[in-house]
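Novice: Protein chains in written order, with my numbering: chain C, 1 to 415; chain Z, 416 to 830.
Where is the CB? At the ideal position from N, CA and C, for every residue including glycine.
Bear in mind the structure is a predicted one, so any value in this text is a computation, not a measurement.
1. Can you tell me whether DSSP reads residue 762/Z as helix, strand or coil?
2. Tell me which residues share the same chain as residue 771/Z and place their Cβ nearer than 6 Å to its Cβ, disregarding the 5 neighbours each side in the sequence.
3. Between residue 7/C and residue 118/C, what straight-line distance do the alpha-carbon atoms span, to the nearest angstrom?
4. Tell me, please, whether the CB atom of residue 645/Z is closer than 7 Å to any CB atom in chain C?
5. Is any beta-carbon of chain C found at less than 7 Å from that of residue 502/Z?
6. Can you pull the chain C neighbours of residue 762/Z, defined as C-beta to C-beta under 8 Å?
7. Given that a residue counts as buried once 16 or more other Cβ atoms are within 10 Å of its Cβ, and exposed if not, what is residue 71/C?
8. May I have the straight-line CA-CA distance separating residue 194/C from residue 16/C, to the nearest angstrom?
9. Roughly how many whole angstroms lie between the Cα atoms of residue 103/C and residue 408/C?
10. Quick one, which of 141/C, 208/C and 211/C has its alpha-carbon nearest residue 177/C's?
11. Following the continuous alpha helix (DSSP H) through residue 622/Z, name the residue where it begins and the one where it ends.
12. Kindly say whether residue 141/C, judged by its beta-carbon, lies nearer than 7 Å to any beta-carbon of chain Z.
13. Find the residues of chain C that neighbour residue 815/Z, judging by a C-beta separation of less than 8 Å, and give them in chain order.
14. Helix, strand or coil for residue 805/Z, going by three-state DSSP, please let me know.
15. So, at 8 Å on beta carbons, what are the nonlocal neighbours of residue 253/C in its own chain, with the 5 sequence-adjacent residues on each side left out?
16. Indicate whether residue 760/Z and residue 649/Z have their beta-carbon atoms separated by less than 7 Å.
17. Is there a Cβ of chain Z sitting closer than 7 Å to that of residue 84/C, yes or no?
18. Can you tell me whether residue 106/C is helix, strand or coil according to DSSP?
19. Would you grab the beta carbon distance between residue 181/C and residue 151/C for me? Rounded to a whole angstrom, and I think it's under 8 Å.
20. For the segment 210-221 of chain C and the segment 623-634 of chain Z, state whether three or more C-beta atom pairs, one from each stretch, are separated by less than 8 Å.
21. Taking the beta carbon of residue 294/C as the centre, do at least 16 other beta carbons fall within 10 Å, making it buried, or is it exposed?
22. Helix, strand or coil for residue 140/C per DSSP?
23. If we ignore side chains and look at the alpha-carbon of each, how far apart do residue 183/C and residue 303/C end up?
24. Taking buried to mean at least 16 other C-beta atoms within 10 Å of its own C-beta, is residue 24/C buried or exposed?
25. Taking residue 824/Z as the query, report the chain C residues whose CB atoms sit under 7 Å from its CB, ordered along the chain.
26. Tell me the rounded alpha-carbon separation between residue 419/Z and residue 791/Z.
27. Closest to residue 562/Z by CA distance: which of 757/Z, 576/Z, 496/Z and 536/Z is it?
28. Between residue 489/Z and the rest of its own chain, which residues show a CB-CB distance below 8 Å, the 5 nearest in sequence each way excluded?
29. Do residue 676/Z and residue 731/Z have their CB atoms nearer than 7 Å?
30. How close, in whole Å, do the beta carbons of residue 362/C and residue 340/C come, if the pair is a contact with beta carbons under 8 Å?
31. Write down the C-beta distance between residue 470/Z and residue 480/Z rounded to the nearest angstrom, noting that I regard them as a contact closer than 8 Å.
32. Compare the C-beta of residue 431/Z against all C-beta atoms of chain C and say whether one is closer than 7 Å.
33. Got a sec, what are the start and stop residues for the beta strand (DSSP E) residue 660/Z sits in?
34. When you compare each of 821/Z, 657/Z and 826/Z to residue 511/Z by their alpha carbons, which one comes out closest?
35. For the segment 373-395 of chain C, which residues have a beta carbon sitting closer than 9 Å to at least one beta carbon of chain Z?
36. For chain Z, is any of its Cβ atoms less than 7 Å away from the one on residue 242/C?
Here is the structure:
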């Protein structure tokens, strides 16, 4: 039996037991994991040092090495994250609704675990712990497949978590890491129908595309974010400047940062000089259309390709549009259905934008940067779904659950 | 441009307009469709006659030809189904919940259409109308791909629906049928990411497996049903007999019919002779394990393969088990996560079964035959999901919707 099939089998068996584990046991396991991460930090850091040595030998960039590095402080932070997950309400077992049929059947819709959740991810070893904690809290067995660059760290983190969780009464096999980090094994994991109930890819475009193209198990597509801010003719331009700068510059590398600015031609003459100066001051490269360049010449030309691009960088595309309708049409053509904002004081424009823009999160007078499980108040986040099926937008604990119909009868048969 | 790409493009464009269509317009369109189906029945029946002629020329079985055949009465029934969908409440636009964050952001979770729903189905032309009506009611554009055997009927039905719906104000391109019924085109449809938001296969095992294996767009897997009835030691045996007979015999061809009977050894001596006689009287072939045969010899031997089989026929597998734990273990090993029933008067056994059996619908003291959108009170059904993601069990209108977060701000930026 391959490692993959063995762990899938273990996970599936454990998933049935997980469904019956009490909230108290799960919370004790999370506490035990948090404590063990801290008390066994030296062991984790030693394994992490192997990964760093290997990365340096391969000439990995320092920024990547920094992402890979675990320190005592970072491990404390990871443990704190586990304690936060512990403190959340357990969603499993809630009967979402229950109703009675004319024939007397009482039908309830009950929240249950998904079963086995697989996560394929890259780089940062903290995902190993975050993902395991969220799956555990929702009574799911998990199969984690991290990248080769962090394999020693990931194995050490998993060993520490397994010891702690199984010691606290969690069924063996509920936490798994795939040690074979080959692409072939990842491809096999994507096709483990009957074992894997949901697969979540977390990483760059290439990884997500590979999962969407190859998986036969149900997938939640995450996190490409080509987000827009549209500044309407009626906007408070001071507010608009604050929101555009926040959406673009506060953290350009993340999926909810803005990539394109759309400016209503009604206020373009006034707003473009102000916002372009501000963006340039923050070293943002501006790629603008003809109408914007007519107002402010000293910027680059934008191409159609730019409008499709998620820069994740200090670059912004700019287009002057003829009101909210053209803004919506542009967004619905080029966006990735992630997060979109309008700045306006016009009631009808605000409502139109909210209704007609196709995206997971649509904002009036706020930065796109709020699309995040913590900012939304979910207390946790496993990723941001950009598909419409199952979960859309920030995925908290509920996104890791399914439902089951429980039916109480008294001898009913169908006529 | 291929027919497929053209219709996917039309559907995607129409889906944006559909999101803004009022309930009144949608209901008018459904009324117009129902009326047109009846008033243009002759045209539909003439097209259907072509399909029947072709089927006979190919030597198709009479049962299949009956499924294919449209009559005035059947068309009246189909139109009545459309009127029933019209009478349901419109789920689109409901704000499921809304909350305020400490920073003043007001975040609402609003029910929106999926966008474009594709359905690949076989045989019965009534699915063309049922599926289109459900997609229309939920503001989705649809792309239907029926089988070649019903293509003339499907084209006629679609023509009638398009004329009626577009005449009533629905955007052109919201209703589509793929006229090219080749497998290659079906395979392409499964990979139209960016156009198709959800794909639902409706048909036999082969079709569903092909879709699950090949699709890269999000899929809801439907309807294989290897369902069990477990008769517990504490059961009212009169009730148990009624439920077993109903689950097996009332309509054996459907997915919520029972395929395996599990009998608690405590009551096997008493129950097996009664139920086997009753099953035989209805010409049900019984395939039983050793312990059951020791009680009642004149039945066939069951194999492990039988336990995995969805007969959809007058055949039943039988196994004697040692109480509810063995019953649950058997079910979780062999079932397809569809519908499972226990007959019992033991409180603890009932609760254990409800909690631990992994299936879309779990019954105490009722027939598995109730797993159905109409029986559950949803007023409609597009299929029965046997996966855990997005929708599980009977899929009514809500299963054809997604959500969108609408966020009302007053200038908030992220710190």
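Specialist: Working from what's here:
1. Within the second chain, the letter at position 347 stands for residue 762/Z. Three-state DSSP puts residue 762/Z in a helix.
2. Along the second chain, one-based indexing puts residue 771/Z at 356. Closer than 6 Å at Cβ, skipping near neighbours: 743.
3. Within the first chain, the letter at position 7 stands for residue 7/C. Within the first chain, the letter at position 118 stands for residue 118/C. Using only the alpha carbons, I get a separation of about 11 Å.
4. Your numbering for residue 645/Z matches position 230 in the second chain. With 7 Å as the cut-off, residue 645/Z does not count as an interface residue toward chain C.
5. Along the second chain, one-based indexing puts residue 502/Z at 87. No, no contact with chain C.
6. Taking the second chain and counting its residues from 1, the one referred to as residue 762/Z is at position 347. Under the 8 Å cutoff, chain C gives no residues; its nearest Cβ is about 11 Å from residue 762/Z.
7. Within the first chain, residue 71/C is the residue found at index 71, counting from 1. Exposed: under 16 other Cβ atoms inside 10 Å.
8. Against the first chain, residue 194/C aligns to sequence position 194. Against the first chain, residue 16/C aligns to sequence position 16. Using only the alpha carbons, I get a separation of about 13 Å.
9. As a first step, residue 103/C must be located in the first chain, where it is residue number 103. As a first step, residue 408/C must be located in the first chain, where it is residue number 408. Each residue's alpha carbon lies about 11 Å from the other.
10. Along the first chain, one-based indexing puts residue 177/C at 177. The candidate whose alpha carbon is nearest that of residue 177/C is 141/C.
11. In the second chain, the residue the question calls residue 622/Z occupies position 207. Segment 620-629, the alpha helix (DSSP H) holding residue 622/Z.
12. Locating residue 141/C in the first chain gives position 141, where the first residue counts as 1. So, not an interface residue.
13. On the second chain, position 400 is the one that residue 815/Z refers to. Per Cβ cutoff of 8 Å: no residues; residue 815/Z is ~11 Å from chain C at best.
14. Start at 1 with the first residue of the second chain, and residue 805/Z comes out as number 390. Coil.
15. Counting from one through the first chain, the residue named residue 253/C turns up at place 253. Closer than 8 Å at Cβ, skipping near neighbours: 312 and 313.
16. Taking the first residue of the second chain as 1, we reach residue 760/Z at position 345. Taking the first residue of the second chain as 1, we reach residue 649/Z at position 234. Cβ atoms of residue 760/Z and residue 649/Z: closer than 7 Å.
17. Here residue 84/C corresponds to residue number 84 of the first chain, with the count starting at 1. So, not an interface residue.
18. Position 106 of the first chain, counted from the first residue, corresponds to residue 106/C. DSSP places residue 106/C in strand when its eight states are reduced to three.
19. For the purposes of this step, residue 181/C is identified with residue 181 of the first chain, where counting begins at 1. For the purposes of this step, residue 151/C is identified with residue 151 of the first chain, where counting begins at 1. Residue 181/C to residue 151/C, Cβ: 5 Å. Contact.
20. yes
21. Within the first chain, residue 294/C is the residue found at index 294, counting from 1. That one is exposed.
22. As a position in the first chain, residue 140/C is number 140, starting the count at 1. If DSSP states are grouped into helix, strand and coil, residue 140/C belongs with coil.
23. For the purposes of this step, residue 183/C is taken as the residue at position 183 of the first chain. For the purposes of this step, residue 303/C is taken as the residue at position 303 of the first chain. Answer to the nearest angstrom: the Cα atoms are 35 Å apart.
24. Against the first chain, residue 24/C aligns to sequence position 24. Classification of residue 24/C: exposed, given that the 10 Å Cβ count is below 16.
25. Position 409 of the second chain holds residue 824/Z. 363, 364, 365 and 366, listed in chain order.
26. What you label residue 419/Z is simply residue 4 of the second chain in a count that begins at 1. What you label residue 791/Z is simply residue 376 of the second chain in a count that begins at 1. When rounded, the distance between both Cα atoms is 36 Å.
27. Your numbering for residue 562/Z matches position 147 in the second chain. Considering only alpha carbons, the answer is 536/Z.
28. Numbered from its first residue, the second chain carries residue 489/Z at position 74. Answer for residue 489/Z: 541, listed in chain order.
29. If you number the second chain from 1, residue 676/Z lands on position 261. If you number the second chain from 1, residue 731/Z lands on position 316. Going by C-beta atoms, residue 676/Z is nearer than 7 Å to residue 731/Z.
30. Numbered from its first residue, the first chain carries residue 362/C at position 362. Numbered from its first residue, the first chain carries residue 340/C at position 340. Rounded, the Cβ-Cβ distance is 5 Å, consistent with contact.
31. The residue given as residue 470/Z occupies position 55 in the second chain. The residue given as residue 480/Z occupies position 65 in the second chain. Contact flag correct, Cβ pair sits at about 5 Å.
32. For the purposes of this step, residue 431/Z is identified with residue 16 of the second chain, where counting begins at 1. Yes, residue 431/Z lies at the interface with chain C (some Cβ there is under 7 Å from its Cβ).
33. Numbered from 1 along the second chain, position 245 holds the residue referred to as residue 660/Z. Here residue 660/Z belongs to no beta strand (DSSP E); instead the alpha helix (DSSP H) covers 652-664.
34. Translated into the one-based positions of the second chain, residue 511/Z becomes position 96. Checking every option, the nearest Cα to that of residue 511/Z belongs to 821/Z.
35. 375, 376, 377, 387, 388, 389, 390, 391, 392, 393 and 394
36. Taking the first residue of the first chain as position 1, residue 242/C is located at position 242. For residue 242/C, the answer is yes, since a Cβ of chain Z falls inside 7 Å of its Cβ.
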